[in-house]
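Residue numbers (full-length UniProt numbering): 1 to 43. Backbone N, C-alpha and C fix where the C-beta goes; we use that ideal spot for every residue, glycine too.
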């Protein structure tokens, strides 16, 4: 399996997000848009 540049960037973004919620828009099997919905901090 070959990981495309967009997939690699998505993985990097997800790994750098310590916590929160994201929505990913996919077109033709590729991620095209990532929206960071919100972050919440658990105390």
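N-terminal and C-terminal residue of the alpha helix (DSSP H) that residue 13 is part of: 5-16
Residues that DSSP places opposite residue 26 in a beta bridge: According to DSSP, which records beta bridges pairwise, residue 26 is partnered with 31.
Residue 37 in three-state terms, based on DSSP: strand
Beta-carbon spacing of residue 37, residue 23 below 8 Å: The answer is yes: Cβ separation under 8 Å.
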